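Student: Residue numbers (the numbering used here), protein chains in the order written: chain A, 563 to 1127; chain B, 297 to 605.
Every residue gets a Cβ at the ideal spot worked out from N, C-alpha and C, and that includes glycine.
All of these numbers come straight from a predicted model, not from anything done at the bench.
Mind having a look at this structure? Questions to follow.
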Amino acid sequence: MRGWRTLLAKDWKLIRRNRLLLSVLIVYPFLIMGVIGAAFQESGRPVPVGLVNLDDPGREGVLCVVLDSPDAGRTEGEVRRRAYGYGECTSEEQALADLEAGKFNLVIAREDGRVGGRRLYGALMDSESLQSLVMELEDSATEARFYTSFREAADSLAGMEGGVLLALPHRLHPSLGESLWVGGESYDALRLIREFSGDVVDLEIFPGLEEARGTLREGRVDAVVVLPPGFVHRLKTLEKVAEVNVILDQSNLVKAEFAETGIRGFFSRVTEEVVEEKMRAVVAGLYVLVSGGDFFGTPIIGLERIREDLADLYVALSDRPELGIKVQEGIDLADMVIEDIEKAADYLRGTALPVDLRISSVAGRPLAAKDAVVPALIVLSMLWTGVLCGAVLMVLEEEEGMRARLRLTPAGPLAMVTAKLILASGVVILQSLVMLLLAVAVFRTFASGLWISLLIIAVSSLSFIGIGQMLAAFARQVAGAVIMSVLVTFPLIFLTGAIFPLTQMPAFMRGIARASPPTYALDALSGVMLRGEGLAGVFWEIMVLLGFGATLLFAGSLLSGRKSQ
Amino acid sequence: MSSKSSLISLRGLSRDFDGLRALGGIDLDVDRGETFGLIGPNGAGKTTLIRILTGLISPTKGEMLVEGKKLDPRHRAYRRRIGLVPQETALYGRLTAGENLVLLARLHGLDRGKAAFRAKELLAWAGLEEHADREARYLSRGMQQRLSLAMGMVHDPEIVFLDEPTSGLDPEARSRVWDLVEKLSGEGKTVFLATHNLEEADRLCDRLAILFRGEIREQGTPEQIKNLLGRDRLELGLAEGALGDLSEICGRLGLSWRKEGRIFVITGPDLPGKLPSLVSRLTGSLYHLHYREVTLEDAFLRFMKELEN
Ligand SMILES: Nc1ncnc2c1ncn2[C@@H]1O[C@H](COP(=O)(O)OP(=O)(O)O)[C@@H](O)[C@H]1O
Ligand SMILES: [Mg+2]
Chain A
563 MRGWRTLLAK DWKLIRRNRL LLSVLIVYPF LIMGVIGAAF QESGRPVPVG
613 LVNLDDPGRE GVLCVVLDSP DAGRTEGEVR RRAYGYGECT SEEQALADLE
663 AGKFNLVIAR EDGRVGGRRL YGALMDSESL QSLVMELEDS ATEARFYTSF
713 REAADSLAGM EGGVLLALPH RLHPSLGESL WVGGESYDAL RLIREFSGDV
763 VDLEIFPGLE EARGTLREGR VDAVVVLPPG FVHRLKTLEK VAEVNVILDQ
813 SNLVKAEFAE TGIRGFFSRV TEEVVEEKMR AVVAGLYVLV SGGDFFGTPI
863 IGLERIREDL ADLYVALSDR PELGIKVQEG IDLADMVIED IEKAADYLRG
913 TALPVDLRIS SVAGRPLAAK DAVVPALIVL SMLWTGVLCG AVLMVLEEEE
963 GMRARLRLTP AGPLAMVTAK LILASGVVIL QSLVMLLLAV AVFRTFASGL
1013 WISLLIIAVS SLSFIGIGQM LAAFARQVAG AVIMSVLVTF PLIFLTGAIF
1063 PLTQMPAFMR GIARASPPTY ALDALSGVML RGEGLAGVFW EIMVLLGFGA
1113 TLLFAGSLLS GRKSQ
Chain B
297 MSSKSSLISL RGLSRDFDGL RALGGIDLDV DRGETFGLIG PNGAGKTTLI
347 RILTGLISPT KGEMLVEGKK LDPRHRAYRR RIGLVPQETA LYGRLTAGEN
397 LVLLARLHGL DRGKAAFRAK ELLAWAGLEE HADREARYLS RGMQQRLSLA
447 MGMVHDPEIV FLDEPTSGLD PEARSRVWDL VEKLSGEGKT VFLATHNLEE
497 ADRLCDRLAI LFRGEIREQG TPEQIKNLLG RDRLELGLAE GALGDLSEIC
547 GRLGLSWRKE GRIFVITGPD LPGKLPSLVS RLTGSLYHLH YREVTLEDAF
597 LRFMKELEN
């Protein structure tokens, strides 16, 4: 072990004087941290969402409804039965023209397996029949999608087994533009969404679906929400769910995920408000029933008044006991009903509201995205720097041809490996410490358990450097070592679960993740920094990491010893 | 060969790499204080032999004696006595010439002051004083090679292994390295030099061995080897049927002959003096005669070609 200090000083000098190496090993992780840190600084901003409101009675043009598997065969017969004008259309253009000219007020297209193509026909019927037909069809379909362009609708119909497309003048669609009362105020669809989307999403209204889609494609909004015709009507009647189409840009999964979460959040707020309002009305109605008063403009006498009157009657009938008994029965019945109604009202008040999820963190305090990203960032940079340092420092001797020379000195290979291990782990630990302090001081993130974190960092650096030293056995040049390190580092980062949750991976990948040191490092570090665990809580991970470190370092020196034979 | 007083003796040394034979049964004796040359083309096994002699790898078979005693070259006491100058220039490009030397001196156990002193000494020895503070990667190839030589000497070893110390150098740089090797020999060191350059071996070595495909084919002084290879040759065009005469006269004159294509090539000592008797015997069947001197390099190349057949 003699000479390790001399070797360490030499290795440090070599890194320091190699600007490229210096920046790849040490500066790069800080750069990444700066970028990610800045990006996460304002997370929690509203998601930009495009809105197309088809529940607007003032809309011009054609509305297309694509229905999934209503009873398609029956549809045609039904149309024929109700229509007083009916005819095949030769082409989509023709159909549209007929629709606009008023020759038809409903055009229907469907894939017909028997004909081997698309059936297209138009019908003219009175608007009442039309509306009830559309309503029935929409209700019987498993899915309804709305379009403002016939072309798009026709495209989406293609290849849809049993799909039906209805095209009609927009204003003829049933139950458009209704309003509902919440907290004493009237809301139509647009106002409802505007009011409740609040700080979660940033709404931009589009007249048509095509414009909205285009904007989504350009990335100026993260999602498009299409409010169906009759949206408010459905909310009001609660007969059938209102199907809101949400279009996401799934080419970017994270973006789509963020948008979906935001949109779900505000829609649940909307339904919550609506249901709550209804419950309030019902409860109020029940109370009015008991105590009397005004129910939406109708004066109600109230059961209590009736009971009082009966009580008076009972007193007045004190000389006619046979009648008194009957009145007494009436009073008892009123008492029972009043009691039951009050119970029912209490029950409704107490339980009828939709579940409200209050998210809180196991850390005992709420965490922001920027807090959660710190441990991942530190593990990532440790892995990067550790593997690279471990590999590069070893291969450096090879590249410079100094290996043989060093082996002939009394210093010996153990001193060489030790010097590199100490230097590399020093670099890794120092780098992580600086990152930790930067995160807390500059990015104002939350982190607990600094000392245990440092212990975890030190222990996991051994494994990472061990991986590097193992890789070094397969490279003869620094460039090769760097490439191999990068090849190995990226899959390992993925396997930590920082990018994609481990529970969502197939079993064999979870198996690999369990055999990968960074997974334990991240687990332990997030445990200590974010979940507030103590030493006991991460003891297992630390032991596993120590085991990995010893094994990998031993394997690394074994392999590099074999290489020089 | 004086095996009793030999410093290093090898007996039946072999080394296989994954079943492929790199060295096959090497017997060799290196005497104290001599400069011993190992010549052979690329891939002959020179580096492999040096790596075995310096204990970097072990032989598959055979043994090594130092001063008559069997020895494991990984032994610490032996390592202290040997110095190695590897084939590829081995130094840290981003350390200065001085730092490279100080580093090795420190690793050999010298304290800070002594290491600095030794580095200075060696810089002067290698003629690199003015370049002490330049990063080694900015030195010329020749200077790097001299630095590499100096780095092998930090602990003042008694036996020095040089693996092709001048390959890739221009003539000027090469002769400066040669000067250094001669200096080493002058200091009484035993030098073991691997080279593929006969001129270098001729100039520096006391004794030579030709290594070919992992086997020693010839051994001797440079003079002996040169004579064996032949410095000149006679090329004859002969009619059919004169073969018996040629063979007979060559035997008588102590010359050797061989066929290269349609030409007969005669080599041997004092070729010009024997020319008249040769020609008079072959008159009639002789239609072409050419006498030429060859460089050592050519002679060596030709020898290698012969070995190949
Ligand atoms: N580590 C090794 N693994 C496999 N084969 C090797 C190794 N080292 C040398 N050899 C082979 O051994 C033979 C001798 O190589 P070497 O000693 O380097 O020759 P020289 O130094 O004379 O050019 C070559 O054929 C080479 O390919
Ligand atoms: Mg060689």
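Touch check for the region 1052-1071 of chain A and the region 303-320 of chain B: three-plus C-beta pairs under 8 Å?
Tutor: The answer is no - the region 303-320 of chain B does not touch the region 1052-1071 of chain A, with fewer than three Cβ pairs under 8 Å.
Student: Do B/T343 and ligand 1 come close, with the Cβ less than 7 Å from some heavy atom?
Tutor: For the purposes of this step, residue 343 of chain B is taken as the residue at position 47 of the second sequence. Yes, the Cβ of B/T343 comes within 7 Å of a heavy atom of ligand 1.
Student: Answer with yes or no whether the minimum CB distance from A/R775 to chain B is below 8 Å.
Tutor: Position 213 of the first sequence, counted from the start, is the residue given in the question as residue 775 of chain A. No, no contact with chain B.
Student: Let's see if you can read the secondary structure: which residues bound the alpha helix (DSSP H) around A/Y683?
Tutor: Against the first sequence, residue 683 of chain A aligns to sequence position 121. First-last for A/Y683: G679 to L686, but that is the beta strand (DSSP E), not the alpha helix (DSSP H).
Student: Can you pull the chain A neighbours of B/E384, defined as C-beta to C-beta under 7 Å?
Tutor: Sequence index remark: in the second sequence, residue 384 of chain B carries index 88 (1-based). Near B/E384 (Cβ distances below 7 Å), the residues of chain A are G963.
Student: When DSSP builds the beta bridges, which residues end up paired with A/S748?
Tutor: By one-based count along the first sequence, residue 748 of chain A stands at place 186. Paired residues: A/W743.
Student: Could you tell me which chain A residues have their CB closer than 8 Å to the CB of B/T350, listed as they occur along the chain?
Tutor: As a position in the second sequence, residue 350 of chain B is number 54, starting the count at 1. Near B/T350 (Cβ distances below 8 Å), the residues of chain A are A966 and L970.
Student: Have a look at A/G1059 and A/T1081 and give me their C-alpha separation to the nearest angstrom.
Tutor: Working through the first sequence from its first residue, we reach residue 1059 of chain A at position 497. Working through the first sequence from its first residue, we reach residue 1081 of chain A at position 519. When rounded, the distance between both Cα atoms is 7 Å.
Student: For chain A, find out if any of its Cβ atoms is closer than 8 Å to the Cβ of B/Y388; answer yes or no.
Tutor: The count along the second sequence starts at 1 and reaches residue 388 of chain B at position 92. Taking Cβ atoms only, chain A reaches closer than 8 Å to B/Y388, which makes this a yes.
Student: Kindly indicate if chain B contains any beta-carbon less than 8 Å away from that of A/K575.
Tutor: For this step, residue 575 of chain A is matched to residue 13 along the first sequence. By this cut-off, A/K575 is an interface position.
Student: Could you work out which residue in B/R527, B/D466 and B/R503 is closest to B/D594 when comparing CA atoms only?
Tutor: As a position in the second sequence, residue 594 of chain B is number 298, starting the count at 1. The shortest Cα separation from B/D594 among B/R527, B/D466 and B/R503 belongs to B/R527.
Student: With a Cβ-Cβ cutoff of 8 Å, do A/V852 and A/E866 count as a contact?
Tutor: As a first step, residue 852 of chain A is located in the first sequence; it is residue number 290 there, counting from the start. As a first step, residue 866 of chain A is located in the first sequence; it is residue number 304 there, counting from the start. In contact: A/V852 and A/E866 (Cβ atoms closer than 8 Å).
Student: If you check the beta carbons only, do A/E654 and A/F708 fall under 8 Å apart?
Tutor: As a first step, residue 654 of chain A is located in the first sequence; it is residue number 92 there, counting from the start. As a first step, residue 708 of chain A is located in the first sequence; it is residue number 146 there, counting from the start. Not in contact: A/E654 and A/F708 (Cβ atoms no closer than 8 Å).
Student: Throw me the rounded Cβ distance for the A/N615 and A/I767 pair, which I believe falls under 8 Å.
Tutor: Walking along the first sequence from the start, residue 615 of chain A turns up at place 53. Walking along the first sequence from the start, residue 767 of chain A turns up at place 205. Between A/I767 and A/N615 the Cβ distance is about 7 Å, and since that is below 8 Å, they are a contact.
Student: Just mark B/E395 as buried or exposed, buried being the case when its beta carbon has 16 or more other beta carbons within 10 Å.
Tutor: If you number the second sequence from 1, residue 395 of chain B lands on position 99. Its Cβ being crowded by 16 or more others within 10 Å, B/E395 is buried.
Student: Contact criterion: CB-CB distance below 8 Å. Does B/M449 meet it with respect to chain A?
Tutor: In the second sequence, counting from the first residue as 1, residue 449 of chain B sits at position 153. Closer than 8 Å: no.
Student: Taking all protein chains shown into account, decide if A/E959 is buried (16 or more other Cβ within 10 angstroms of its Cβ) or exposed.
Tutor: By one-based count along the first sequence, residue 959 of chain A stands at place 397. Its Cβ being crowded by 16 or more others within 10 Å, A/E959 is buried.
Student: So which residues of chain A does B/H404 contact, with C-beta pairs closer than 8 Å?
Tutor: Counting from one through the second sequence, the residue named residue 404 of chain B turns up at place 108. Residues of chain A passing the Cβ test: T971 and P972.
Student: What do you get for B/Q520, buried or exposed, if any count of 16 or more other CB atoms within 10 angstroms of its CB means buried?
Tutor: Locating residue 520 of chain B in the second sequence gives position 224, counting from the first residue. Flag for B/Q520 reads exposed.
Student: What residues from chain A crowd round B/L391, counting only those whose CB sits closer than 9 Å?
Tutor: Walking along the second sequence from the start, residue 391 of chain B turns up at place 95. Within chain A, the residues near B/L391 are K572, K575, L576 and R579.
Student: Rounded to the nearest angstrom, what separates A/S943 and A/S994 at their Cα positions?
Tutor: As a working mapping, residue 943 of chain A is identified with position 381 in the first sequence. As a working mapping, residue 994 of chain A is identified with position 432 in the first sequence. Spanning the two alpha carbons is a distance of roughly 8 Å.
Student: Quick one: is the Cβ of A/A1035 within less than 7 Å of any heavy atom of ligand 3?
Tutor: Absence of ligand 3 is noted for the structure shown, with ligand 1 and ligand 2 being the only ligands found.
Student: Nearest to A/A1112 by CA position, among A/V1050, A/S1022 and A/S1122, is which residue?
Tutor: The sequence position of residue 1112 of chain A within the first sequence is 550, counting from 1. Cα-wise, what sits closest to A/A1112 is A/S1022.
Student: Are the region 378-391 of chain B and the region 444-454 of chain B touching by the rule of at least three beta carbon pairs closer than 8 Å?
Tutor: Short answer: they touch.
Student: Please classify A/V762: does DSSP put it in a helix, a strand, or coil?
Tutor: Against the first sequence, residue 762 of chain A aligns to sequence position 200. In the structure shown, A/V762 sits in coil (DSSP, three-state: anything other than H, G, I, E or B).
Student: Does any heavy atom of ligand 2 sit closer than 7 Å to the C-beta of B/E460?
Tutor: In the second sequence, the residue the question calls residue 460 of chain B occupies position 164. Yes, ligand 2 has a heavy atom inside 7 Å of this Cβ.
Student: At a CB-CB cut-off below 9 Å, which residues of chain A make contact with B/L539?
Tutor: Stepping through the second sequence from its first residue, residue 539 of chain B is reached at position 243. Ordered by position in chain A, no residue passes the 9 Å Cβ test against B/L539, which lies about 52 Å from the chain.
Student: Any heavy atom of ligand 2 closer than 7 Å to the CB of B/Q515?
Tutor: Along the second sequence, read from residue 1 onward, the residue named residue 515 of chain B stands at position 219. No, the beta carbon of B/Q515 sits no closer than 7 Å to any heavy atom of ligand 2.
Student: Once you ignore the five residues that flank A/F820 on each side, which residues in its own chain have a CB closer than 8 Å to its CB?
Tutor: Position 258 of the first sequence, counted from the first residue, corresponds to residue 820 of chain A. Closer than 8 Å at Cβ, skipping near neighbours: V609 and D784.
Student: At a CB-CB cut-off below 8 Å, which residues of chain A make contact with B/R372?
Tutor: Here residue 372 of chain B refers to the residue found at position 76 when the second sequence is read from its first residue. Near B/R372 (Cβ distances below 8 Å), the residues of chain A are P972.
Student: Taking 8 Å as the threshold (beta carbon to beta carbon), is A/G1111 in contact with chain B?
Tutor: Counted from its first residue, the first sequence places residue 1111 of chain A at position 549. A/G1111 does not count as touching chain B.
Student: Taking A/G721 as the reference, give the member of A/S813, A/D630, A/G1028 and A/G776 with the closest Cα.
Tutor: Translated into the one-based positions of the first sequence, residue 721 of chain A becomes position 159. That would be A/D630, whose Cα lies nearest to the Cα of A/G721.
Student: Can you tell me the Cα-Cα spacing of A/T971 and A/G1123, whole angstroms?
Tutor: If you number the first sequence from 1, residue 971 of chain A lands on position 409. If you number the first sequence from 1, residue 1123 of chain A lands on position 561. Taking the straight line joining both Cα atoms gives about 16 Å.
Student: Under 8 Å, with one C-beta from each stretch per pair, do the region 698-707 of chain A and the region 592-603 of chain A reach the 3-pair mark?
Tutor: No, because fewer than three Cβ pairs between the region 698-707 of chain A and the region 592-603 of chain A fall closer than 8 Å, the two stretches do not touch.
Student: Is B/N396 helix, strand or coil when you go by DSSP?
Tutor: Taking the second sequence and counting its residues from 1, the one referred to as residue 396 of chain B is at position 100. It is helical.
Student: Does any C-beta atom of chain B lie closer than 8 Å to the C-beta of A/T947?
Tutor: Position 385 of the first sequence holds residue 947 of chain A. Chain B contact via Cβ: absent.
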